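The structure under discussion appears below in the form of structure tokens.
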Amino acid sequence: MKKKIAIIGGGPAGLAAAVAAKENGVDDIVIIERAPSAGGILMQCIHNGFGLHTFKEELTGPEYADRYIKKAKEKDVEIFLSTFAIDVSKDKVITCMSKDKGIFTIEADSIILAMGCRERPRGALNTPGYRPAGIYSAGTAQKFVNIEGKLPGKEVVILGSGDIGLIMARRMTLEGAKVKAVAEIMPYSGGLKRNIVQCLDDFDIPLKLSTTVVDIDGKDRVKSVTLAKVDEKLNPIPGTEEVIPCDTLLLSCGLLPENELSQAIGVDLSPVTGGPKVNESLETNIPGVFAAGNVLHVHDLVDYVSEEAANAGKHAAEYVKRLSEKTSDASEKEYVVETGTGVRYTVPMTVRPSECDTLTTVRFRVGNVYKNPEICVYMGDRCVLRRKKQICAPGEMEQVILKKADLDTLKDGETIKVLLENV
Amino acid sequence: MNTVDVIIIGAGVVGSATARELSRYDLDILVLERSSDVCEGTSKANSGIVHAGYDAKPGTKKAYFNVRGSLLMEDLSKELDFAYKRNGSLVLCFSEDEIQKLEELKARGETNGVKDIRILNKEELLRKEPNLSKGVVAALYAPTGAIVDPFGLTIALAENAFVNGVKFKFDEEVISVAKDGDEFIVKTAKGEYKAKAVVNAAGVYSDAIHNMVCADKITITARKGEYCLYDKKVGGTVSSTVFRLPGALGKGVLVTPTVHGNLLIGPTATDTPDKEEVCTTAEGLSSVISGGAISLESVPSKSVITSFAGLRAHSDQGDFVIGESSVSGFFDAAGIESPGLSAAPAIGAHLAEEVSKKLAAREKENFIAKRKGIPSMALASDEEKKRLIEEDPLYANVVCRCELVTEGEIVNSIRRPLGATTLDGVKRRTRAGMGRCQSGFCSPTTIEIIARELGISACEVTKHGKGSEFIEDHK
């Protein structure tokens, strides 16, 4: 079958992109979703705290998803559920598989990548020890508890203080398990401040910074884990080992954008984010292929995912309309967004001022905890933005908004630079 | 008391190969396995290599069975439908002085009957394997070296034995073996069995079993080997299996593609008094990586997806202990360390011949030689995929996204002869959970499917047998 826009993934990014594409005048859209319902990982995030920016109220994950599912329904967005995209060719033909339809293909004019991310497993950490039952990534445990109503363990240690780990520390406690410690190898948490307060502090769960798991014991089921302090180079310090008896180890050690399909199309990935390199329109190096949400870079708040994805949906719609109008994409001037002190990456990585609206959002994350920094943006050597912050931390995404008027001052050979000063 | 003709102790690759070969005969055969599935010991955690056979000292059992096993393996892979690939192997040397050792190894290989081995110079070598360390000087190249799916091989042998009438009893650890007249009495915690012949294929415990019966004692030391397994994205780092010149404790750290397209680096070699010590260690993993770094220009450390350790059964006899022991009717397959996986088909055939002669058994007329494995959606062409889905729509329901394993394959792995009963069992039969997310995504669904198919609750589903349950029982 043929479609103007095919969106891979029906989580918050895919849904918001679809709604925006419809609103921008493209009707022939399909979302391909592997789960039996849309909503993505939000469906297992039954805690509240979603939607404060988008809806100015506090929703649970499924409630937030439901708002977008309803919008998509109102706009007659077609969603193929329980359908797995197994391959995408360079000419944008998506091979799908489902119980109802068997194997079939979708030829799309434009594709929006919205596949989300996955959790880094124990193997990737190369944590020594046995390999018993009882080691789960935090999201897997969340699925067991929140979707299936099953408790994966009673005495828990959590490695990594990413948001899912923090949320699961609280959830496991509420379900009657004892969470003995959350260990974080870095000297700061990778999660949101509010989650540390609400999920750990409120339940007296200790957060052990600069600490990691150096051994896992138990042949059949986890019996204990050994924690140790680490030095500045993150190497365990001998003599600081502490054995904690437990039956479960949850891992919340980072999320990895899931870009196997993107790579099949030939999309260039950033080694820093693990997601596609995109321009201001969230378009990848392959014309007509856009990306948004956690497949692009891991977000902290779903509200930003929705906002970003709506932007991708809008640009995909514009791309499709231009195709039908047969107006070729003129070769516009493109400027690189450079990262300076403290800034790990930016999305987008390049900007074409001619394609920008009045305001263009650039999102980024910092590489360390910085107190009282100034976030600065330079066009060439001209500082166009300077904003004081009390604190910047790796767990929280930052953003700056570029004005079209400033972008228009860029000359050949110049770059846009985002960095922290006063650090 | 159950009386049979032959009891085989251990359902690893050697026990399973022996069971399969013996099932050609009109014999009542019972396999006793202490774990909950076949392939739960050494057979599941090794390099997955079919050695060409240049390494073992001429005249040893290792050399004899290695070369023969290696010759049998390709046909066996077709007959029993498991993954096998002749990718060739290399032994690297890093100085001019060592070329002489390569020559010796070549001569040894030729004595052992290994075909087409030759020495490659640096240029030829780097053209063949551009990611090798630029410090290599030359290598011995054996085109008959191959890689195999160790789980696939073991499971295929056991399934085929089962189809040919061999009985398997799991969770039955043998606690005593005694000769009583012309018979053996084999006791487990669950029961007592009588047999005319016993085959000892008990891996790292083959000394304990042997010593229960024989006056001439043997000692088996568990020699731990740690490995790192890398993402398929870097599976093409090398196409051949890459060894270095062997040292005292074995062949050193090797670098190889696996039959499934991952990159594998390992093993270390450390003797351990604890025969259950299958844990990895910080030192071990770091020596795997530094060992890999000698052979490779750069080790793709960021792409590691898991690490594991296996125990080889190292015999104090310095060679495999194979054949009828000092006690009539008691047959050993002990001390089967490397090249044990390569040798297994030949060991199985040899023991079957010895045992069948001893019992004057006749060959069956209705032996089923062929076995069909589980169809793989990941490997199927689009046409085959269509056909599979038409036959069973469950083949369209993807459960493991990393390895593209469907519900159809998982159900097949449970329902087939000697089917999976555990998550690890499903994993080793289908690859569900073996990919880069290491079962984070699929394990809740797989657990649900196992519970449904076996008619048990999810709380009763285990990773690898009793004690390894995943879910707390609320009752």
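Which chain is which? The protein sequence lines are A and B, in order.
Taking my numbering, the leading residue of the first sequence gets 1, the next gets one more, and so forth.
Taking my numbering, the leading residue of the second sequence gets 1001, the next gets one more, and so forth.
Virtual Cβ for every residue (Gly too), placed ideally from N, Cα, C.
Source: prediction; values computed, not measured.
Could you check the C-alpha separation between residue i and residue j for me, to the nearest Å?
i       : j       : result
K1085/B : F1151/B : 15 Å
A1343/B : G1203/B : 14 Å
T1406/B : A141/A  : 22 Å
K314/A  : V214/A  : 48 Å
K1475/B : I167/A  : Bear in mind that a pLDDT of 48 at K1475/B, under 50, signals an unreliable position, so the number given afterwards is only what the model happens to contain. For K1475/B and I167/A, the distance between alpha carbons rounds to 26 Å.
E74/A   : A17/A   : 14 Å
I79/A   : I103/A  : 16 Å
I5/A    : N1366/B : 59 Å
S1239/B : A177/A  : 48 Å
V1234/B : S1328/B : 52 Å
E1363/B : E1021/B : 11 Å
V1186/B : E1192/B : 6 Å
G61/A   : D163/A  : 14 Å
E1110/B : I1117/B : 8 Å
V1148/B : R1431/B : 14 Å
G15/A   : Y68/A   : Residue identity check: residue 15/A is Leu in the sequence provided, not Gly. Computed Cα separation, rounded: 6 Å.
Hey, could you find the ends of the alpha helix (DSSP H) residue i is sitting in?
i       : result
S1206/B : S1206 to V1213
A1350/B : Note that residue 1350/B is His in the sequence shown here, rather than Ala. That run of the alpha helix (DSSP H) goes G1340 to K1358.
S1286/B : A1282 to S1295
V26/A   : Here V26/A belongs to no alpha helix (DSSP H), and DSSP marks it neither H nor E.
Q399/A  : Q399/A -> not in any alpha helix (DSSP H); beta strand (DSSP E) instead, spanning E398 to K403.
E1448/B : S1443 to L1454
L1030/B : L1030/B -> not in any alpha helix (DSSP H); beta strand (DSSP E) instead, spanning I1029 to L1032.
G1266/B : First-last for G1266/B: L1263 to G1266, but that is the beta strand (DSSP E), not the alpha helix (DSSP H).
V305/A  : V302 to E325
Could you tell me which residues DSSP pairs with residue i in its beta bridges?
i       : result
T1060/B : According to DSSP, which records beta bridges pairwise, T1060/B is partnered with nothing at all.
D1473/B : Note: D1473/B sits in no beta bridge, so no partner.
S98/A   : T83/A and G102/A
I42/A   : One detail in the question is off: residue 42/A reads as Leu in this sequence, not Ile. The partner list for L42/A (beta bridge, DSSP) is empty, contrary to what the question assumes.
E338/A  : K417/A
I1185/B : A1178/B and K1194/B
R1223/B : D1271/B and R1312/B
D1332/B : N1200/B and G1323/B
D1410/B : Rather than Asp, the amino acid found at residue 1410/B in this sequence is Ile. According to DSSP, I1410/B bridges with nothing at all.
If the cut is a Cβ gap below 9 Å, which residues of chain B does residue i touch?
i      : result
E33/A  : Ordered by position in chain B, no residue passes the 9 Å Cβ test against E33/A, which lies about 12 Å from the chain.
N259/A : Those within 9 Å of N259/A in chain B number zero; the least Cβ separation is about 11 Å.
P121/A : I1305, T1306, R1436, C1437, Q1438, S1439 and G1440
Listing by chain order, which chain A residues have their CB less than 7 Å from the CB of residue i?
i       : result
K1427/B : The premise fails here: K1427/B is roughly 12 Å from chain A at the closest Cβ pair, so nothing lies under 7 Å.
L1454/B : Within chain A, no residue comes near L1454/B; the closest Cβ sits about 17 Å away, beyond 7 Å.
F1470/B : A133 and P152
G1467/B : D220 and R221
For the beta strand (DSSP E) holding residue i, just list the boundary residues, first then last.
i       : result
N1002/B : N1002 to I1009
T346/A  : V343 to V347
F1162/B : Here F1162/B belongs to no beta strand (DSSP E); instead the alpha helix (DSSP H) covers P1150 to V1163.
H1314/B : V1304 to S1315
V1321/B : V1321 to E1324
R1118/B : R1118 to N1121
P1143/B : No beta strand (DSSP E) contains P1143/B, which DSSP labels as neither H nor E.
G49/A   : N48 to F50
S1089/B : S1089 to C1093
At a CB-CB cut-off below 9 Å, which residues of chain A make contact with residue i?
i       : result
P1444/B : T140, K143, F144, I147, E148 and K150
N1397/B : S82, F84, M97, S98 and K99
K1463/B : R131, P132, A133, G134, D220 and R221
L1072/B : Neighbours of L1072/B on chain A: none; closest Cβ ~32 Å, over 9 Å.
Residues of chain B with CB closer than 7 Å to the CB of residue i, please, in chain order.
i      : result
I103/A : D1382, K1385, K1386 and I1389
V214/A : A1282
R118/A : C1437, G1440 and F1441
A124/A : V1304 and I1305
Whose Cβ in chain A lies nearer than 8 Å to the Cβ of residue i?
i       : result
V1278/B : Y130, R131 and K219
Give, in chain order, every residue of the segment 129-145 of chain A whose Cβ lies closer than 8 Å to some Cβ of chain D.
-> Judged by its chain identifiers, the structure shown contains no chain D, and its protein chains are A and B.
Pick out the complete alpha helix (DSSP H) segments inside the segment 214-299 of chain A, 4 residues or longer, and give them in chain order.
-> 260-265, all fully within the segment 214-299 of chain A.
Could I get the ranges of all uninterrupted alpha helix (DSSP H) runs contained in the segment 363-394 of chain A, with 4 residues as the minimum, in chain order?
-> Segments of the alpha helix (DSSP H) lying fully in the segment 363-394 of chain A: there are none.
Pick out the complete beta strand (DSSP E) segments inside the segment 127-175 of chain A, 3 residues or longer, and give them in chain order.
-> 135-137 and 155-159
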